[in-house]
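Single-structure report; data block below.
In the numbering used here, the protein residues as written are 2 to 130.
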């Protein structure tokens, strides 16, 4: 079966400071169509850090720091996604530690966590893009 490319004008946005109600608090990252379900995408933030964006098969969006805290490389966007006990995660392609996509908590070492970001899909006409 071949899937048709998604056509939408929705943009992926991260909350970048401020309150969620403040339109200036949202940073536009990419088109929603760039996120394929089950695959990650890396994006550069204004301060030079990288974020890993994910979209699951149900359409939920997640954003975490792209840097693997164990290996130090910016590779989490290339990890394998899955679920463990109903929690979505990405497994690092380096040493295979799993990070909860909602909380950033490492599922294999509770002393380690990555930053998570609030993320949304927004219409350019509604978001001021």
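Where a beta carbon is used, it is the ideal one built from N, C-alpha and C, also for glycine.
Runs of 3 residues minimum, wholly inside the segment 57-102: which ones carry the beta strand (DSSP E) assignment? Fully contained in the segment 57-102 are the following beta strand (DSSP E) runs of length 3 or more, in chain order: 62-66, 81-85, 88-92, 99-101.
Can you tell me where the beta strand (DSSP E) holding residue 15 begins and where it ends? For residue 15, the uninterrupted beta strand (DSSP E) segment begins and ends at 12-16.
Are there 16 or more other CB atoms within 10 angstroms of the CB of residue 97, so buried, or fewer, so exposed? Residue 97 should be labelled exposed.
With a CB to CB cut of under 6 Å and the five nearest residues on each side skipped, what residues in its chain are close to residue 114? Within the same chain, residue 114 has close Cβ partners 105, 106.
Could you tell me how far apart the beta carbons of residue 73 and residue 93 are, in whole angstroms, since I believe they sit closer than 8 Å? Taking the Cβ atoms as the reference, residue 73 lies roughly 11 Å from residue 93, outside the contact range of under 8 Å.
Pick out whichever of 15, 108, 90 has its Cα sitting closest to the Cα of residue 45. Cα-wise, what sits closest to residue 45 is 15.
Reduced DSSP secondary structure (H/G/I, E/B, other) of residue 35: Three-state DSSP puts residue 35 in a helix.
For residue 133 and residue 52, which I take to be in contact (beta-carbon distance under 8 Å), what is that distance rounded to the nearest angstrom? Coverage of the chain is limited to positions 2 through 130, which leaves residue 133 absent and any answer about it impossible.
Does the distance from the C-beta atom of residue 33 to that of residue 54 stay below 8 Å? One thing to note: residue 33 has its Cβ no nearer than 8 Å to the Cβ of residue 54.
Segment limits, beta strand (DSSP E) that includes residue 40: From DSSP, residue 40 is part of no beta strand (DSSP E); its letter is neither H nor E.
Residues that DSSP places opposite residue 114 in a beta bridge: In the DSSP assignment, residue 114 is bridged to 106.
Reducing DSSP to helix, strand and coil, say where residue 123 ends up. When DSSP states are grouped into helix, strand and coil, residue 123 belongs to the strand group.
Taking C-alpha atoms, which residue in 26, 31, 56, 23 lies nearest to residue 89? For the options 26, 31, 56, 23, the alpha carbon positioned closest to that of residue 89 is the one of 56.
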